[in-house]
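> Provided herewith is a single structure, encoded as structure tokens, for subsequent inquiry.
Residue numbers (our numbering), protein chains in the order written: chain H, 44 to 122; chain W, 213 to 559.
Structure, rendered in structure tokens:
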């Protein structure tokens, strides 16, 4: 199972890592990105989806996405 | 086993800021299908478990194990004569030696135990951990047992600050210089005796496992936990069950190789690189065992059934993400209860 799929994530944005007992919170966009990552979407597809759903431009969506990916990697939540 | 009522004696009723496992062990038994009368064995007259409503049916004060085996066994025989104990569950490291040494004698009396063998008990001592590591291929931090504070100034490499200085049975302090080390050496040796163990501090997260071995190499139960809230005494005031396969693999390996018999707690440090260092094996059920009960593994019940010679199937399922949070609660008691414990040694 991928690290992302092993996370327990609630609709409220509460993320629990069962392997370490750590918990995190994320906002609506973080939750949106995680769900698309779990569906196997590419970076460009996710940026496009963010711009549509959150009504922001491509540059801002890209920055938000890569900042969030950095966070997931730093906390060892992605492979 | 039929439907007869069991009499189970339990020590460790000191549900204080450094809690004994007695109260959670009793809660596990009470949550189970065992029909049990609970006898508390207390060492001090203000152990909270003595006074907690609906916890113990009767409590007897015991002499400290350090007073010698004769007085200890005599008192236990007295309690047995009164109560007809079927099982005794000792919960303190400091009393285990006596219970293990005299387990055959207890069985002759009709009192069942389910404890590690003397060899298992001895070889996992803090001061024997380096040998234990080699024998069973387990990673442990560098450590050295010392009997004289002068040795602290010349510890063998690679031991370096910060390191932990640990009492023979309980307590540990992290030190960063020789003055601190000598201070705590004197404090710990006066309280718990010699040797005192110096153990390299490892950077990482402390993770623990409560487990039960059947004495034949099988892990009957095992639940891993991470402390979420740690008191100034290093005790878990909150914790959460983990889904950590590697940690469980290590647990199974230790129980298989040692053929561990009884309850145990593994204390480990998980480094950021994902390595596990065994820092301690406690040869008994830990005070946070009720979390395992809540997560689906009633270890106190299984231990009782093993003690009676029943076949107990291994349980591997448990719920991860289950939490415990301790709290303090003021019990209101009556002086007459305190009087009975003081004057008669029983309540």
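Glycine included, C-beta positions come from ideal geometry on N, C-alpha and C. Bear in mind the structure is a predicted one, so any value in this text is a computation, not a measurement.
1. Of the choices 274/W, 298/W, 463/W, whose alpha-carbon is the least far from that of residue 528/W?
2. At least one CB of chain W closer than 7 Å to the CB of residue 97/H: is that the case?
3. Note down the Cα distance separating residue 342/W from residue 544/W, rounded to an integer number of angstroms.
4. For residue 121/H, which residues in chain W fall below 7 Å Cβ to Cβ?
5. With a cut-off of 8 Å on the beta carbons, I'd call residue 481/W and residue 551/W a contact; round off their distance for me.
6. So, at 7 Å on beta carbons, what are the nonlocal neighbours of residue 501/W in its own chain, with the 5 sequence-adjacent residues on each side left out?
7. Can you pull the DSSP bridge partners for residue 530/W?
8. From residue 473/W to residue 430/W, what distance separates their C-alpha atoms?
9. Does the beta-carbon of residue 318/W have 16 or more other beta-carbons within 10 angstroms, so that it is buried, or is it exposed?
10. State the start and end residues of the unbroken beta strand (DSSP E) segment that holds residue 423/W.
11. Could you give the residue range of the alpha helix (DSSP H) that holds residue 125/H?
12. Whole angstroms are fine: how far does the CA of residue 450/W sit from the CA of residue 71/H?
13. Could you tell me whether the Cβ of residue 26/H comes closer than 7 Å to any Cβ of chain W?
14. Contact criterion: CB-CB distance below 7 Å. Does residue 442/W meet it with respect to chain H?
15. Scan the region 63-94 of chain H for residues whose Cβ lies nearer than 9 Å to a Cβ of chain W and list them as they occur along the chain.
16. On a CA-only basis, which of 506/W, 460/W, 282/W is nearest residue 62/H? Give me that one, please.
17. Report the residue from 352/W, 326/W, 224/W whose alpha carbon sits nearest the alpha carbon of residue 336/W.
18. Kindly indicate which three-state DSSP category residue 285/W falls into: helix, strand or coil?
19. Is it buried or exposed for residue 506/W, if we count other Cβ within 10 angstroms and need 16 for buried?
20. Tell me the residue span of the alpha helix (DSSP H) that contains residue 68/H.
21. Compare the Cα-Cα distances from residue 553/W to each of 360/W, 255/W, 535/W, 366/W and report the closest residue.
22. Go through its chain and collect everything with a Cβ distance to residue 557/W's Cβ below 6 Å, but skip five positions before and after it.
23. Anything in the region 521-534 of chain W with a Cβ closer than 8 Å to a Cβ of chain H? List those residues in chain order, please.
24. Exposed or buried, residue 517/W, counting other C-beta atoms within 10 Å across all chains shown (16 or more means buried)?
25. Could you check how far apart the C-beta atoms of residue 454/W and residue 350/W are, in whole angstroms? I think they sit under 8 Å.
26. If you drop the 5 nearest sequence neighbours on each side, which residues of the same chain put their C-beta closer than 6 Å to that of residue 416/W?
27. Based on DSSP bridge pairs, tell me the residues matched to residue 436/W.
28. Are the CB atoms of residue 338/W and residue 378/W nearer to each other than 7 Å?
29. When you compare each of 357/W, 427/W, 310/W, 432/W to residue 412/W by their alpha carbons, which one comes out closest?
30. Can you list, in chain order, the residues of its chain whose CB lies under 8 Å from that of residue 537/W, leaving out five sequence neighbours each side?
31. Grab the span of the beta strand (DSSP E) containing residue 471/W for me, first residue to last.
32. Using only CA atoms, which one of 458/W, 531/W, 384/W, 466/W lies nearest to residue 444/W?
33. For residue 366/W, count the other beta carbons within 10 Å of its own beta carbon; 16 or more makes it buried, fewer makes it exposed. Which is it?
34. Which of the three DSSP states, helix, strand or coil, is assigned to residue 337/W?
35. In angstroms with no decimal places, state the Cα-to-Cα distance between residue 332/W and residue 225/W.
36. Per DSSP, residue 355/W is paired with what?
In short:
1. 463/W
2. no
3. 48 Å
4. The contacting residues do not exist; residue 121/H stays about 15 Å from chain W at best.
5. Actually they are not in contact, since the Cβ atoms of residue 481/W and residue 551/W sit about 47 Å apart, beyond 8 Å.
6. 233, 236, 237, 240, 422, 511, 512
7. Partner(s): none; residue 530/W has no beta bridge.
8. 9 Å
9. buried
10. 417-426
11. In the structure as shown, chain H starts at 44 and stops at 122, and residue 125/H therefore has no counterpart that could be examined.
12. 29 Å
13. Coverage of chain H is limited to positions 44 through 122, which leaves residue 26/H absent and any answer about it impossible.
14. no
15. 63, 64, 65, 66
16. 460/W
17. 352/W
18. helix
19. buried
20. Element bounds for residue 68/H: not the alpha helix (DSSP H) but the beta strand (DSSP E), 65-68.
21. 255/W
22. 273
23. 532, 533
24. buried
25. Contact doesn't hold; Cβ gap of about 19 Å is too wide.
26. 481, 482, 483
27. 421/W
28. yes
29. 357/W
30. 441, 449, 450
31. Here residue 471/W belongs to no beta strand (DSSP E), and DSSP marks it neither H nor E.
32. 384/W
33. exposed
34. coil
35. 25 Å
36. 411/W
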